[in-house]
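Have a look at the structure below before the remarks.
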Amino acid sequence: MSRLALLAYANDMKDEPLHYVEQEIKEINTYFGNIKKHLNPDILISATKDDLFRYFADHGPDIEIMHFSGHGNSLALFFTKDGAFRKEGLAELMAFAPNLKLVFLNACASREIIDVLHTPDPANPQKGVPIVIGTQRPVYDKVASDFSIYFYTALTKSWPIGKAFDFAKTFVLSGEHFALFPKGPNRYIGTKRAAVMDDDPDDEAAQKEFPWGIYYKESLTDDWSITQYLNEKYDSQEKYAPNDELIRALASNASRLYSNLTKERDALIATLYDKSDLSAKEVLIEVENINDKFNRRNNQLKEINDLYAAYIQDPQSLSDIADKLINTFPLPLGKLLQRMYSFSKENLLTEDDYAEFLDLQINFYEILVKLAAATILSDLLEVYGMKEKIGKILVFNPIQKEIILNYFRQTKDNEQDFDYTSFIEVISQVLKENLKDEPDIAPFVKEYLHFESINTYENNFFNSHMVIKGIKAKLPMLNTTAAYIHHCKEIELGLINLLKELFFILQYKMVVIKNVEAIRKRNVLAKTYFHKYMLLEQRISDRMEVMELQSLPEYAESYSVILVKEIYRMFEYLSLSPFLIDKNVLCEFDGVDLYFYNYTEGNGIVYKSLTNNERLIHIQPETQDIELGAATITRTTLRFIEDMAIKTDREKNRITNRLLQLHAEFAYYRSKIAATPVAVQNNTPINSQP
1 MSRLALLAYA NDMKDEPLHY VEQEIKEINT YFGNIKKHLN PDILISATKD DLFRYFADHG
61 PDIEIMHFSG HGNSLALFFT KDGAFRKEGL AELMAFAPNL KLVFLNACAS REIIDVLHTP
121 DPANPQKGVP IVIGTQRPVY DKVASDFSIY FYTALTKSWP IGKAFDFAKT FVLSGEHFAL
181 FPKGPNRYIG TKRAAVMDDD PDDEAAQKEF PWGIYYKESL TDDWSITQYL NEKYDSQEKY
241 APNDELIRAL ASNASRLYSN LTKERDALIA TLYDKSDLSA KEVLIEVENI NDKFNRRNNQ
301 LKEINDLYAA YIQDPQSLSD IADKLINTFP LPLGKLLQRM YSFSKENLLT EDDYAEFLDL
361 QINFYEILVK LAAATILSDL LEVYGMKEKI GKILVFNPIQ KEIILNYFRQ TKDNEQDFDY
421 TSFIEVISQV LKENLKDEPD IAPFVKEYLH FESINTYENN FFNSHMVIKG IKAKLPMLNT
481 TAAYIHHCKE IELGLINLLK ELFFILQYKM VVIKNVEAIR KRNVLAKTYF HKYMLLEQRI
541 SDRMEVMELQ SLPEYAESYS VILVKEIYRM FEYLSLSPFL IDKNVLCEFD GVDLYFYNYT
601 EGNGIVYKSL TNNERLIHIQ PETQDIELGA ATITRTTLRF IEDMAIKTDR EKNRITNRLL
661 QLHAEFAYYR SKIAATPVAV QNNTPINSQP
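Going by full-length UniProt numbering, the sequence shown opens with residue 1, and the numbers climb by one from there.
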């Protein structure tokens, strides 16, 4: 027996033609095409009721998914030529497909159609469609198309149906079109009964709800997926040289970045020669200063550029380039890259070897996007503060605000599903909008302003995020060496695409500020500041050194993790606190132990170690203390916890106070965003009827 996904669309309404249903079905078909050996898609173009009945007569037992795109209302779906197909008849027809698992009605259907599909015959409650997706009110044609495309994008990559639904919902919510979509055709056909139905387009309360819903029969949950169709056969002879493509791509990106920075330097120098108020000697001094600063900041990129140029001329070993890249990446990424590359220099032989390597790749991805998210959010908060100083506030629309707040609201149950690519895109949009008329305000990391729309199915950045998320969901089903090799290659390609957009991070230095001391000589009022810091770059020796910077007229933020453009100008920095912290925030520690903000728990905050998912720090302000017992942090995972018993009360209080300060900072930024009024550019209700 073949397994079929029936994709049908109807579009014959002369007064309200739908422009996106055909594109929607074609896009969905491409995603099912990736698994057509297991679940084959069939398309009914401009479907009529007659077409549907004939198809069910020929293939009823084979149909496992049915998708319909077109017009509808509480009572019926509308098909080409025939007009209304009443819900009772539709439910009876579905009964001729006993293996039907999912019906997606991407029209303005209501709960009444969904209920009758679930239970067409009250005398036989076991009959009916197990899962139905439908809408409760009118939806715009374009938004409906986008929602279903992203739903099937995730579903066909083995995501559980509940997560696939949430993924598509996140896409719709992340776009400005959800709140401010221009007026256009929707998929609603009005009836005289509409005024008393759940899909009443004028119902103000309904307009505020997300229009789509997913409905299950009692025996099913949102864990159902089409994974059973994805038991692919992998080529046991597939060739794979782990990390080679990644190292070559990273080196190419470094060379591209160095070239762009060189052009910026040359352009800056060229402007000096056009300044009539500078003497020739002054110009030479300024040129020397610019070159000196450029060389200090970009020496490591130059070394990678030179190594890559030599490799292009004579392709041999990548080891020198890999070692230099490892040393240049910020520590959390450099450490993982080192471990990944050590695998590539060894012979991966067993299934367990590749499983461990796959875990390292996924960990690298998660740290990369979390670091990027913490950086751009910190930049946004800095810009917010600078605008406040000149009497202005940050401006964003309701959906942008909600996406940003969702970062602060992550919980233990949903943090794995947070879409960092949408988060990065939304903040990039907010920064662009708020800085376009502010020539005197600039973000620390300007490269984020170059982000275009990420959330499109043509975009490699967004697709790579989805591919890696899909592979992570499939991990429990992988059971052969060939399967692991295939997915290692897929993730490596995804990392290449992600790093192409995020590689600029290498021109910045990540530093832990261990301590800052104010210095003032006798009878001299001016102060200088002495910094004790640690540069977070991975060393091949795996040995970190605490460095001491000479006195500076400005100071960085004590006990924090910061980004700097060069360590010789420590006061030009971006603090990543409270989203990224180091163990040095808590106590003196001869090394680096970084923790990312992970999720909130009640009124508390949970941070997770970059090197061990089991190591967590819980900040619980309700008790004015932190939990240090087995329920939160075990003695075997953090050495400084084991030493707590021998610490003085003063030391214990200092650790507690620093954590509570982090919590206060986190809560302050969260409340600040929440209290900021939103700007709506017009009066169009969210997804309302035009």
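No residue lacks a Cβ here, since even glycine has one placed at the ideal position from N, Cα and C.
Of the choices the options, whose alpha-carbon is the least far from that of residue i?
i: R339; options: A322, E351, E501; result: A322
i: H486; options: I269, S236, L498, R658; result: S236
i: Y31; options: S145, I619, K157, E501; result: K157
i: L246; options: N653, I491, K521; result: I491
i: E566; options: I619, F444, V524; result: F444
i: A97; options: D314, V606, I63, L580; result: I63
i: G494; options: M510, G470, E517; result: G470
i: G334; options: F85, V516, K509; result: K509
i: N479; options: I114, V383, E351, G83; result: E351
Is the separation between the beta-carbon of residue i and that of residue j shorter than 8 Å?
i: F343; j: L337; result: no
i: L659; j: L506; result: no
i: L250; j: L499; result: yes
i: Y599; j: K412; result: yes
i: L77; j: A57; result: no
i: L563; j: T375; result: yes
i: E88; j: V132; result: no
i: I150; j: F171; result: It should be pointed out that residue 150 corresponds to Tyr in this sequence rather than to Ile. For Y150 and F171, yes; Cβs fall inside 8 Å.
i: L536; j: V592; result: yes
i: residue 691; j: P130; result: Past the edges of the chain, shown from 1 to 690, lies residue 691, and the structure says nothing about it.
i: S577; j: L662; result: yes
i: V430; j: F396; result: yes
i: L7; j: N29; result: yes
i: L381; j: Y20; result: no
Cα separation between residue i and residue j?
i: N298; j: L272; result: 21 Å
i: F165; j: K446; result: 34 Å
i: L616; j: Y597; result: 10 Å
i: A630; j: I362; result: For A630, the pLDDT reaches just 38, beneath the cut-off of 50, and the residue's location in the model is therefore unreliable, although a value from the coordinates is still provided. Cα-Cα distance, rounded: 28 Å.
i: F79; j: A10; result: 5 Å
i: A154; j: L360; result: 23 Å
i: D277; j: I269; result: 15 Å
i: T48; j: V426; result: 41 Å
i: N463; j: T481; result: 25 Å
i: C488; j: A473; result: 14 Å
i: F530; j: L371; result: 28 Å
i: L257; j: N497; result: 15 Å
i: A675; j: D353; result: 50 Å
i: I404; j: K163; result: 20 Å
i: L102; j: D419; result: 25 Å
i: K514; j: W224; result: 49 Å
i: I65; j: Q410; result: 32 Å
i: K532; j: E665; result: 23 Å
i: F640; j: K583; result: In this prediction, F640 scores a pLDDT of 44, lower than 50, which makes its location untrustworthy; the coordinate-derived value is nonetheless stated afterwards. C-alpha separation (whole angstroms): 9 Å.
i: N124; j: H118; result: 11 Å
i: E22; j: G70; result: 10 Å
i: R522; j: Y555; result: 20 Å
i: M94; j: L105; result: 13 Å
Can you look up residue i in the DSSP assignment and give me helix, strand or coil?
i: D593; result: coil
i: T48; result: coil
i: S671; result: helix
i: Y559; result: coil
i: A8; result: strand
i: H663; result: helix
i: Y599; result: strand
i: A679; result: coil
i: S158; result: coil
i: F579; result: coil
i: G128; result: coil
i: residue 724; result: Residue 724 cannot be examined here, being either before or after the span of the chain that is shown, 1 to 690.
i: Y215; result: strand
i: F461; result: helix
i: D115; result: helix
i: residue 715; result: This structure cannot speak to residue 715, because the chain is shown only from 1 to 690.
i: L102; result: strand
Could you tell me whether any non-hydrogen atom of the ligand ADP is closer than 7 Å to the CB of residue i?
i: A355; result: Of the ligands one can find in the structure shown there are none, so the ligand ADP has no counterpart to examine.
So that I know if they touch, is there some Cβ in chain D lying closer than 8 Å to that of residue i?
i: D166; result: No chain D is present in this structure, which holds just one protein chain.
Ranges of the alpha helix (DSSP H) found wholly within the region 62-94, counting only runs of at least 4: 87-94
Those runs of the beta strand (DSSP E) which lie wholly inside the region 488-540 and span at least 3 residues: 509-519, 528-535
Residue ranges of each alpha helix (DSSP H) within the region 299-344, 4 or longer: 319-328
Continuous alpha helix (DSSP H) assignments of at least 4 residues falling wholly in the region 339-412: 351-389, 398-408
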